[in-house]
Structures are given as C-alpha cells and as structure tokens.
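Q: The following block contains the structure, expressed as structure tokens.
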Amino acid sequence: MNAEMKHKKIIEIVKDKLTCSAHNLDHVFRVYNLCLLISKYEKNVDLEILLPAALLHDIARVEESGDKTGQIDHAVLGSDMAGEILRNLEYEKEKIKRIKHCIKTHRFRTGNIPNTIEAKILFDADKLDVIGATGIARTFMLAGQFGQRLTIDESLEDYLNSNTVENGRLKDVSKHTPFIEYELKFKKIPDKLYTKKAKEIGVQRLEFMEEYFNRLEEELTQGA
109 MNAEMKHKKI IEIVKDKLTC SAHNLDHVFR VYNLCLLISK YEKNVDLEIL
159 LPAALLHDIA RVEESGDKTG QIDHAVLGSD MAGEILRNLE YEKEKIKRIK
209 HCIKTHRFRT GNIPNTIEAK ILFDADKLDV IGATGIARTF MLAGQFGQRL
259 TIDESLEDYL NSNTVENGRL KDVSKHTPFI EYELKFKKIP DKLYTKKAKE
309 IGVQRLEFME EYFNRLEEEL TQGA
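Take 109 as the starting number for the sequence shown in this note's numbering and just add one per residue.
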C-alpha cells in the first residue's frame, strides 16, 4: 500500500471518529494544508512523518471532550491510538515512533515538547487554526456545542482554581468562555510558535482577533 492509499485509509478513520464541530475533518484538513505551507519554508522536513501526524493529531478529541475529570489529554491518548492505526496500516516501526511524537507534542497545554521539525510544524499549524477569523469561528462553535456563556460571574483566579487541573486542562468545558480562552491561550500563541513562517502568520491573525474581542467586550458592557 503506497502513502496515498494509507492517507486515504487514515482519512476514513478520522472522519468516522471526529464528531466535534470545531475539531472535525475540516479542521484536520486546514491543519494539513498549513503543515504543507510551513514545510516549504523549512529544511529537511519528512512529509511521510508530518502528513500522517497532521491527519491523526486529534483522533482522541472525542474522548477528551467527554471526560468531566480533565484527566484525559487527547494528545497523549491520541498518540497511542494513532500507533495502533499506523501498525494496522503497516507503517515502519521508526516512522510510527516519529509520528506518535508529533501527535503527543502538538498540545498547547502540555509538558511534552516537540523536538523534531515535523513536530514543531504540526504544533504551529494546529495553533494557527485557533486564532484569526477561523479561530473566532471555531471558538464560538465550541461555546455553542458545550453550552458556554460569554462571561462568568466569578474572578478569573477563582475560575482557574475550580475548573482546571495540571497543565491548565479543563475539568468541565461547559464552564469555559470564549473570553477566558482568548486571555489564557490565544494571546500567547504567536510567542509560542517555533517556525518563522508560522510566527508571521500568527501575528497577523492575532491582530484581527484582538480587535474583535475588544469590540465584543465593549458591546457587552455598554449600559451595564
């Protein structure tokens, strides 16, 4: 089975697995395309590692979203799940190891650091898809899916103490808000990216996002 056929098999598996509106096959393909774009500006990128990793990076998202304890990390679990899928598709042992590393380290809130160019590109591509106009759309898709409010009635400090666990993972996604996600995650993304091209794109996208959330806050507080 050649690489193209393997990718088609992976896509079929991912399509059946991902049911979250913001982490569906559309997101996977956007990350896949961003990986291709960024890879053109980097040296010695192995697309046989990067592209399967991009397709499989969110394979455990459903399990994490349904976990009310905040203990499941979709990057860690997804790495294990991907390993099994790749073995069934007869990927070489060393390639599986490198693809799993990319998946395990793509998470923003994690202690696992990407140490290969493929892992860094996947990390960057995944982060770029949560900022800018696309990021705003995805944030409110998730907010609607989990019944989130726009604001909360407690301080940010109290919220963090009650609804997060180690590495900032959420206990209950329904208690989260788009504003909290913007303050805790989106603002930091350009500084966290590894590749030059991703940083350039990230700065542009965040400028638009900042303008939007400032305007939204202004409208929500008018007359309050």
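Every residue, glycine too, gets a C-beta built ideally from N, C-alpha and C.
Going by beta carbon distance, what residues of the same chain come within less than 7 Å of ILE333, once the five residues before and after it are set aside?
A: As shown, the chain starts at 109 and ends at 332. That puts residue 333 outside it, with no answer to give.
Q: Who pairs with LEU278 in a beta bridge, going by DSSP?
A: THR272
Q: Taking the continuous alpha helix (DSSP H) assigned at VAL311, which residues delimit it?
A: Taken as a continuous stretch (DSSP letters only), the alpha helix (DSSP H) holding VAL311 covers 304-329.
Q: Taking only the alpha-carbon atoms, compute the straight-line gap between ILE121 and GLU315 and give it to the nearest angstrom.
A: 36 Å
Q: Taking 7 Å as the limit between beta carbons, can you name the residues of its chain near ASP234, skipping five residues before and five after?
A: VAL139, HIS165 and HIS214
Q: With a CB to CB cut of under 7 Å and the five nearest residues on each side skipped, what residues in its chain are close to ILE239?
A: Same-chain partners within the cutoff: PHE294, ILE297, GLY310, ARG313, LEU314 and MET317.
Q: In three-state terms, what does DSSP make of MET113?
A: helix
Q: With DSSP as the reference, label PHE254 as helix, strand or coil.
A: coil
Q: Hey, how far is the Cα of GLU112 from the Cα of THR272?
A: 40 Å
Q: In whole angstroms, give me the CA-to-CA distance for ASP266 and ILE146.
A: Distance between the alpha carbons of ASP266 and ILE146 is about 39 Å.
Q: Evaluate TYR149 with the Cβ neighbour count: other Cβ atoms within 10 Å of its Cβ, from every protein chain shown; 16 or more gives buried, anything less gives exposed.
A: exposed
Q: Looking at ASP232 and LEU301, is the spacing between their C-beta atoms short of 7 Å?
A: yes
Q: Which of the three DSSP states, helix, strand or coil, is assigned to ASP166?
A: Shown here, ASP166 sits in coil according to DSSP, grouped into three states, outside any helix or strand.
Q: As a quick exercise: from GLU289, THR303, LYS307 and ASP299, pick the residue whose alpha carbon is nearest that of PHE321.
A: It is GLU289.
Q: Just verifying my parser: in three-state terms, what is the DSSP assignment at TYR149?
A: Residue state, collapsed to three classes: coil.
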